[in-house]
Every structure is written in C-alpha cells, then in structure tokens.
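**Student:** Once you've had a glance at the structure underneath, I'll fire off some questions.
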Amino acid sequence: MEIKSNNIYNTDCIDLMSNMHEESVDLIITDPPYGINFSHDHETYNRAPENVLKGYQEVSPDNYLDFTEKWIGEVYKVLKDDGTMYIVSGFTNLRHILNALDTVGFHLINSLVWKYNFGVYTTKKWVNSHYHILMVAKNPKKMKYHPFCRHPKKHRDEGGKSLNYADRESVWDIKREYWKNCLKTPTRLPYDLIKKMIEYSSDKGDLICDPFVGSGQTAYVAKDLERNYIGSEIVDEYCQFANSRIETGQYLIPRID
34 MEIKSNNIYN TDCIDLMSNM HEESVDLIIT DPPYGINFSH DHETYNRAPE
84 NVLKGYQEVS PDNYLDFTEK WIGEVYKVLK DDGTMYIVSG FTNLRHILNA
134 LDTVGFHLIN SLVWKYNFGV YTTKKWVNSH YHILMVAKNP KKMKYHPFCR
184 HPKKHRDEGG KSLNYADRES VWDIKREYWK NCLKTPTRLP YDLIKKMIEY
234 SSDKGDLICD PFVGSGQTAY VAKDLERNYI GSEIVDEYCQ FANSRIETGQ
284 YLIPRID
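The numbering of the sequence shown is this note's numbering, which starts it at 34 and goes up by one.
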C-alpha cells in the first residue's frame with residue numbers, strides 16, 4: 034500500500050500508519066472514538082437526525098485500552114522527534130488514554146480544556162460542557178511550539194490585558210459548530226479549535242495527520258493553513274464526505290432531499 038500525503042484513505046488507522054514512513058509526521062490532531070456506546074444521533078439533540086451521516090463505529094469499552102495502545106503505538110512510530118499530538122477526549126476513558134500514552138513513551142505537556150456551548154441538560158448531575166485535550170510530545174525539548182504566532186507579546190485588549198496570555202491559557206472557550214441544514218458526521222471539532230492547534234504547533238509545509246478523520250475537519254483546516262495532510266477513515270461514507278469537502282473547498286454541504 035503506497036501512502037501519499039494530501040490524501041484521506043478509507044482504511045483502518047493501524048493499516049494506514051503501519052504503511053507510512055517512520056518519523057514522517059509533524060503534528061497529529063485527532064478525536065478518537067469515545068468507547069461509550071455513542072449514539073450517532075446524539076450530537077443533533079433530536080433536531081435533524083436525517084442530516085447526520087450513518088455508519089459511526091464505536092469501540093467496545095472492554096477493548097478500549099488495547100485499542101488505544103495500538104493506535105497510539107503506531108502514532109509514536111510515524112511522529113517526528115520534534116512532533117506533537119493533540120487528543121480530544123471525554124472523561125469516561127481518559128484514564129485509558131493517559132495509561133496508553135505513558136506505556137508507549139509519550140510525554141504529557143498540557144492538559145487543556147475545551148469549554149463549549151450548550152452542554153446536554155440533565156437534572157441528575159452537573160451539565161457536562163467541556164472536553165479534555167491532551168497535548169503530548171515525543172521529545173519535550175525539541176517539540177515545536179510558537180508562543181507568539183497569533184498575538185505578539187505586547188498586544189493588549191481595550192482593557193490593557195495581554196491578548197497573548199489570554200490566548201495561551203489552558204481553558205479554550207470555543208463554540209461548537211452545528212452545521213444547520215447541512216450534512217455532517219456525528220462528531221466534529223470546530224474550525225477555530227483545530228486552527229489554534231495547527232498554528233501553535235506546526236509550520237507551513239508540515240504534514241498533519243488525523244487517524245480518525247470523520248468529516249475531514251483536520252485535513253480541511255490544514256489545507257487552508259498551507260500544511261499538508263494525511264488521514265484515515267474506516268467508514269466509507271465519511272471518507273467520501275471528507276474528500277468531497279476538501280477537494281471542492283466547500284466547508285458546508287447542504288442536504289438535498
């Protein structure tokens with residue numbers, strides 16, 4: 034299997050990365066399966082399930098640690114020595130991800146929080162309105178991190194507060210994207226969330242990889258920011274959808290009845 038950059042492959046992420054050159058990737062950004070018997074209609078909140086592409090494949094909770102160790106092990110092989118990875122996760126299986134990262138040999142750099150709008154309402158426990166983002170590296174001393182890529186040190190807001198400091202705090206308040214009346218996969222990371230990761234942790238021309246492509250958000254943003262991309266998606270319909278968005282440059286694709 035010959036692997037080329039700027040392609041999304043309809044295959045398992047293990048198959049993709051096992052066929053890639055070692056230390057060929059600069060940055061990994063991914064939102065792996067949750068392992069919680071996730072419903073593909075969940076993210077629509079019963080508003081328009083007909084817009085959600087079917088086929089989401091969940092990982093059994095009993096196999097989650099083994100599954101995670103395998104794909105993270107492959108990531109370690111393909112990531113460059115100065116490379117970084119961002120993993121977006123809920124709290125349910127976060128311990129398995131952390132254990133796998135430690136077993137494989139990654140260094141935890143930051144535990145970030147993505148605070149989003151409109152968490153699912155409940156009266157029996159706290160409303161969950163955030164995800165965890167783990168920033169990890171193979172070699173903390175060599176990893177790329179550009180602290181002034183978005184705001185120079187002297188930039189201030191109208192109240193005199195540092196824009197650079199605010200942008201680099203560990204809680205990121207970024208709104209979800211709902212893609213109203215458009216086709217979508219069950220889960221999607223916002224454009225601005227991915228953009229922030231790419232700008233701080235890569236350079237133009239770098240290769241960005243997403244092992245769990247879904248809608249193609251990581252690849253779409255990478256291309257916009259003049260980076261190369263590569264990824265895998267096991268669901269054929271999702272893979273076609275992602276490639277269509279990237280090839281046409283059409284961010285939102287309206288549903289046609």
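Ideal Cβ placement from N, Cα and C applies to all residues, glycine included.
Quick caveat: nothing in here was measured; it's all calculated off a predicted structure.
Report yes if the CB atom of Asn143 is closer than 7 Å to the CB atom of Lys208, and no otherwise.
**Tutor:** Residue numbering aside, residue 143 sits at position 110 when the sequence shown is read from its first letter. Residue numbering aside, residue 208 sits at position 175 when the sequence shown is read from its first letter. Against a cut-off of 7 Å, the Cβ pair of Lys208 and Asn143 comes out as no contact.
**Student:** Nearest-angstrom Cα distance between Glu35 and Ile267?
**Tutor:** Taking the first residue of the sequence shown as 1, we reach residue 35 at position 2. Taking the first residue of the sequence shown as 1, we reach residue 267 at position 234. So the alpha carbons of these two residues sit roughly 17 Å apart.
**Student:** Using 10 angstroms around the beta-carbon of Ile289, count the other beta-carbons present and answer buried if the total reaches 16, otherwise exposed.
**Tutor:** Taking the first residue of the sequence shown as 1, we reach residue 289 at position 256. Label assigned to Ile289: exposed.
**Student:** If you check the beta carbons only, do Ile127 and His163 fall under 7 Å apart?
**Tutor:** The sequence position of residue 127 within the sequence shown is 94, counting from 1. The sequence position of residue 163 within the sequence shown is 130, counting from 1. Note that residue 127 is Leu in the sequence shown, not Ile. Cβ atoms of Leu127 and His163: not closer than 7 Å.
**Student:** Please name the residue in Asp48, Lys110, Asp64, Val246 whose C-alpha comes closest to that of Ser57.
**Tutor:** In the sequence shown, the residue the question calls residue 57 occupies position 24. Among Asp48, Lys110, Asp64, Val246, the Cα nearest to that of Ser57 belongs to Lys110.
**Student:** What separation, rounded to the nearest whole angstrom, lies between the Cα atoms of Asp74 and Glu191?
**Tutor:** Within the sequence shown, residue 74 is the residue found at index 41, counting from 1. Within the sequence shown, residue 191 is the residue found at index 158, counting from 1. Note that Asp74 has pLDDT 48, beneath the 50 cutoff, so the model's placement of it is unreliable and the number below is only indicative. About 42 Å.
**Student:** For the putative contact between Asp236 and Lys171, defined by C-beta atoms under 8 Å, what is the C-beta separation to the nearest angstrom?
**Tutor:** As a position in the sequence shown, residue 236 is number 203, starting the count at 1. As a position in the sequence shown, residue 171 is number 138, starting the count at 1. Taking a contact as a CB-CB distance under 8 Å, the pair Asp236 and Lys171 does not count as one, their CB atoms being some 17 Å apart.
**Student:** Cα separation between Pro65 and Trp104?
**Tutor:** The residue labelled residue 65 in the question sits at position 32 within the sequence shown. The residue labelled residue 104 in the question sits at position 71 within the sequence shown. Each residue's alpha carbon lies about 10 Å from the other.
**Student:** If I follow the unbroken beta strand (DSSP E) through Asp206, where does it start and stop?
**Tutor:** Against the sequence shown, residue 206 aligns to sequence position 173. Start and end: 204-206.
**Student:** Just reading off the beta strand (DSSP E) that Lys148 is part of, what are its end residues?
**Tutor:** The residue given as residue 148 occupies position 115 in the sequence shown. 140-148 is the extent of the beta strand (DSSP E) around Lys148.
**Student:** Just checking my contact of Leu49 with Thr117 at CB under 8 Å: how many whole Å lie between their CB atoms?
**Tutor:** Here the question's residue 49 lines up with position 16 in the sequence shown. Here the question's residue 117 lines up with position 84 in the sequence shown. Not confirmed; about 19 Å, so no contact.
**Student:** By the three-class DSSP mapping on this structure, what secondary structure does Asp64 have?
**Tutor:** Walking along the sequence shown from the start, residue 64 turns up at place 31. Looking at Asp64 - three-state DSSP - the assignment turns out to be coil, as it is neither helix nor strand.
**Student:** Rounded to whole angstroms, what's the CA-CA distance from Asp99 to Ile47? Just pull it up for me.
**Tutor:** Residue 99 sits at position 66 when you count from the first residue of the sequence shown. Residue 47 sits at position 14 when you count from the first residue of the sequence shown. Counting only the Cα atoms, Ile47 lies some 13 Å from Asp99.
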